[in-house]
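Step one of this worksheet: look at the structure below.
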Ligand SMILES: Cc1cc2nc3c(=O)[nH]c(=O)nc-3n(C[C@H](O)[C@H](O)[C@H](O)COP(=O)(O)OP(=O)(O)OC[C@H]3O[C@@H](n4cnc5c(N)ncnc54)[C@H](O)[C@@H]3O)c2cc1C
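In our numbering, the protein residues as written are 22 to 491.
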């Protein structure tokens with residue numbers, strides 16, 4: 022009898038799971054396992070969410086007369102012991118791409134190899150594997166470093182059908198205790214919740230995503246971030262759901278634009294994964310060599326005000342408070358907050374990145390590094406100058422009725438809309454009348470945006486000139 026183990030990592034699902042399907046196809050008996058070492062690098066919200074997903078996965082497998090073994094201690098020792106105990110000759114896993122996930126995969130592979138057990142690697146969480154895109158580039162051994170040509174290739178490759186459902190079909194007599202998720206969780210965990218979220222999004226919000234998705238107050242994005250991060254639904258299943266709607270003859274041109282905008286976002290996630298898989302230094306160092314020696318600030322006071330959402334710029338503060346409260350930030354507001362961190366405050370992009378990694382339920386090292394480097398103007402973005410966003414203009418454009426800023430900064434609810442977006446512009450008499458800017462109330466801007474932006478650009482230009490850049 023051939024026996025194998027499927028090691029669940031960032032693929033906490035049964036459907037469209039190539040590794041699980043391969044394990045089922047090549048062995049008569051398949052055990053499921055999750056190693057708690059995979060929870061260690063995560064933030065508290067992520068650990069709680071993952072614990073909820075694992076609990077659901079175990080309960081689903083239980084109903085199928087199978088089990089999910091939860092492995093304590095180091096994954097390498099725990100998986101080799103489990104394999105020996107159950108007589109498994111192979112372990113199957115969805116491949117990792119970079120960082121600690123890749124390091125652990127290699128460590129487990131070596132430990133299993135030492136006792137003659139193979140670790141079989143299967144497709145990972147990207148829609149298209151980094152190598153599939155890179156091999157289409159002339160001299161592509163190092164992959165793409167800018168998004169547009171990457172995206173052209175990404176779009177041109179088809180996504181095949183879902184893999185037939187694989188299954189664990191064996192019960193481990195010692196499955197180990199589950200990590201207990203706190204209740205209730207902010208995002209409902211598990212494969213069913215992910216599938217329902219995708220179905221709802223594809224049926225309704227997707228059609229207007231390109232327009233409504235840009236406005237933080239409208240709750241019009243897919244809400245799939247955490248599910249994609251933990252693989253409760255595969256990125257290829259999401260792609261197919263969108264492509265299926267796009268292929269319908271009655272889909273309107275405007276709706277197609279929304280679907281294309283959504284593909285672009287999925288491709289961006291793949292792009293940052295691609296970058297990290299070809300360049301292992303990006304967590305610590307800027308992609309652009311000449312920006313590695315740029316003098317970023319580490320000012321604790323400014324960092325603290327930014328983290329707490331007390332910069333005096335409502336759109337930035339709302340974003341940071343949303344991140345702290347919900348572990349998620351709307352993309353548009355997140356970009357404004359990150360730009361403010363790097364340019365208005367001149368803070369090191371790694372400090373901002375770390376804050377995101379500590380708080381976001383979607384946090385993914387490659388995606389977070391990629392976004393922060395891009396926003397800070399040190400990464401894959403090829404623009405000649407950093408894109409410094411004016412927080413007031415962003416607010417007026419993307420939150421014209423001040424719904425978003427009032428939602429997260431309740432101090433602003435008593436201000437008229439115009440002032441809620443830029444409270445420092447209130448007449449002095451109004452400030453007194455409304456009791457605004459008292460020490461316990463909403464803060465005055467900690468920097469003047471125009472001055473800070475000019476000062477930053479001057480330093481940026483001087484640095485690039487000295488470092489030999491344009
Ligand atoms: C500074 C900063 C850091 C970020 N860090 C992360 C991160 O660590 N992990 C993460 O999943 N997203 C990150 N994002 C992207 C984005 O904020 C979230 O993916 C998005 O808000 C998730 O909500 P949603 O699924 O409703 O978004 P939707 O707009 O519905 O997007 C759908 C999916 O596309 C992908 N996606 C969308 N935008 C991006 C993007 N800019 N970069 C990479 N993938 C994207 C995600 O998988 C997302 O779930 C970051 C954005 C910023 C500005």
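By construction, the Cβ of each residue, glycine as well, lies at the ideal position given by its N, Cα and C atoms.
These numbers come from a predicted model, not from an experiment.
Where do the N-terminal and C-terminal ends of the alpha helix (DSSP H) with residue 92 fall, by residue? By one-based count along the chain shown, residue 92 stands at place 71. For residue 92, no alpha helix (DSSP H) encloses it; the enclosing beta strand (DSSP E) starts and ends at 89-92.
Taking only the alpha-carbon atoms, compute the straight-line gap between residue 409 and residue 164 and give it to the nearest angstrom. Counted from its first residue, the chain shown places residue 409 at position 388. Counted from its first residue, the chain shown places residue 164 at position 143. Answer to the nearest angstrom: the Cα atoms are 28 Å apart.
Going by the DSSP bridge assignment, what does residue 26 pair with across the sheet? As a working mapping, residue 26 is identified with position 5 in the chain shown. Note: residue 26 sits in a beta bridge opposite 52, 112.
Inter-residue spacing [alpha-carbon to alpha-carbon] between residue 235 and residue 196: What you label residue 235 is simply residue 214 of the chain shown in a count that begins at 1. What you label residue 196 is simply residue 175 of the chain shown in a count that begins at 1. Straight across, the Cα-Cα distance linking residue 235 with residue 196 is about 45 Å.
Ordered list of alpha helix (DSSP H) runs contained in the region 253-316, each at least 4 residues: If we require 4 residues or more, the alpha helix (DSSP H) runs fully inside the region 253-316 come out as 256-267, 274-299.
Would you say residue 383 faces chain B, with C-beta separation under 9 Å as the test? Protein chain content of the structure displayed is limited to a single chain, and chain B is not contained in it.
In chain order, what residues of the same chain lie with their CB nearer than 6 Å to the CB of residue 172, ignoring the 5 residues before and after it? The residue given as residue 172 occupies position 151 in the chain shown. The beta carbon of residue 172 sits closer than 6 Å to those of 288, all from its chain and outside the five residues before and after it, given in chain order.
Classification of residue 220 by the beta-carbon crowding that lies within 10 angstroms, buried from 16 upward: Numbered from 1 along the chain shown, position 199 holds the residue referred to as residue 220. Residue burial annotation: residue 220 is exposed, with fewer than 16 other C-beta atoms found within 10 angstroms of its C-beta.
Can you list, in chain order, the residues of its chain with a C-beta nearer than 7 Å to that of residue 416? Leave out the 5 residues immediately preceding and following it. Reading the chain shown from its first residue, position 395 is the one you call residue 416. Same-chain partners within the cutoff: 335, 336, 426, 442.
Using beta-carbon positions only, say whether residue 223 and residue 233 come within less than 9 Å of one another. Sequence index remark: in the chain shown, residue 223 carries index 202 (1-based). Sequence index remark: in the chain shown, residue 233 carries index 212 (1-based). Not closer than 9 Å, so no.
Which residues does DSSP pair with residue 146 in a beta bridge? By one-based count along the chain shown, residue 146 stands at place 125. DSSP lists no partner for residue 146.
DSSP state of residue 360 mapped onto helix, strand, coil: Counted from its first residue, the chain shown places residue 360 at position 339. The answer is helix: DSSP assigns residue 360 an H, G or I state.
Which two residues bound the contiguous alpha helix (DSSP H) that contains residue 481? Residue mapping note: residue 481 aligns to position 460 of the chain shown, counting from 1. Per DSSP, the unbroken alpha helix (DSSP H) holding residue 481 starts and ends at 470-488.
Within 10 angstroms of the Cβ of residue 491, are there 16 or more other Cβ atoms? Answer buried if so, exposed if not. Stepping through the chain shown from its first residue, residue 491 is reached at position 470. A caution first: residue 491 carries a pLDDT of 45, below 50, which makes its placement in the model unreliable, though a value can still be read off. By the 16-neighbour rule on beta-carbons within 10 angstroms, residue 491 is exposed.
N-terminal and C-terminal residue of the alpha helix (DSSP H) that residue 232 is part of: Counting from 1 along the chain shown, the entry for residue 232 is found at position 211. 230-233 is the span of the alpha helix (DSSP H), which, as asked, contains residue 232.
Going by DSSP, what residues sit across from residue 141 in a beta bridge? Walking along the chain shown from the start, residue 141 turns up at place 120. Note: residue 141 sits in a beta bridge opposite 113.
Report the three-state DSSP secondary structure of residue 206 (helix, strand or coil). To locate residue 206, count along the chain shown from 1; it is residue 185. Under the three-state reduction of DSSP output, residue 206 falls in the coil class, being neither helix nor strand.
Contacts around residue 464, its chain only, beta-carbon distance under 8 Å, and the 5 residues preceding and following it disregarded: Here the question's residue 464 lines up with position 443 in the chain shown. If we look at residue 464 and ignore the five residues flanking it on each side, its Cβ neighbours are 326, 331, 332, 333, 458.
Is the region 253-273 touching the region 117-133, taking contact as three or more C-beta pairs under 8 Å? Because the criterion of three Cβ pairs below 8 Å is not met, the region 253-273 and the region 117-133 do not touch.
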